[in-house]
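Structure first, commentary second.
Below, the structure is given as structure tokens:
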């Protein structure tokens, strides 16, 4: 995304929420899990964030939870995405697929890890 678009989108509620999601993805790509979770959570907990952006943040936070072995939290976020009518079909499909893979892994390995 070019610099002008990045600056311009900071002036809308949707743009600010998407910027937080982008920052979360940047942190996740750098293996800064705690910071990524904070960015995603700020979008999820905001009353102003559009519901489809919240769905993206929930899905991305679930992926970070998975990488940090917080399986219960990841499962909760993925199930929340599946219950959101505003979530894009692609995100819902990915969430459903991830839940299936996680369940297969749990069936092979045993009980899920809880909050730490």
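In our numbering, the protein residues as written are 287 to 402.
Beta carbons: idealized from backbone N, C-alpha and C, even for Gly.
Out of the options, point me to the one whose CA is closest to residue i's CA.
{"i": "residue 307", "options": "373, 358, 354 and 329", "result": "329"}
{"i": "residue 320", "options": "355, 332 and 362", "result": "355"}
{"i": "residue 334", "options": "369, 303, 388 and 393", "result": "303"}
{"i": "residue 324", "options": "386, 380, 381 and 350", "result": "350"}
{"i": "residue 289", "options": "299, 343 and 305", "result": "305"}
For residue i and residue j, what's the separation of their Cα atoms in angstroms?
{"i": "residue 376", "j": "residue 318", "result": "26 angstroms"}
{"i": "residue 384", "j": "residue 364", "result": "8 angstroms"}
{"i": "residue 341", "j": "residue 297", "result": "21 angstroms"}
{"i": "residue 327", "j": "residue 339", "result": "12 angstroms"}
{"i": "residue 345", "j": "residue 371", "result": "14 angstroms"}
{"i": "residue 392", "j": "residue 310", "result": "27 angstroms"}
{"i": "residue 386", "j": "residue 343", "result": "20 angstroms"}
Cβ of residue i versus every heavy atom of the ligand SAH: is any distance shorter than 7 angstroms?
{"i": "residue 369", "result": "By its list of ligands, the structure shown contains no ligand whatsoever, and the ligand SAH lies outside what it can speak to."}
My understanding is that residue i touches residue j, with C-beta atoms under 8 angstroms, so please give their C-beta distance in whole angstroms.
{"i": "residue 388", "j": "residue 352", "result": "7 angstroms"}
{"i": "residue 379", "j": "residue 367", "result": "Not quite, the Cβ-Cβ distance comes to about 10 angstroms (not below 8 angstroms), so this is no contact."}
{"i": "residue 360", "j": "residue 348", "result": "4 angstroms"}
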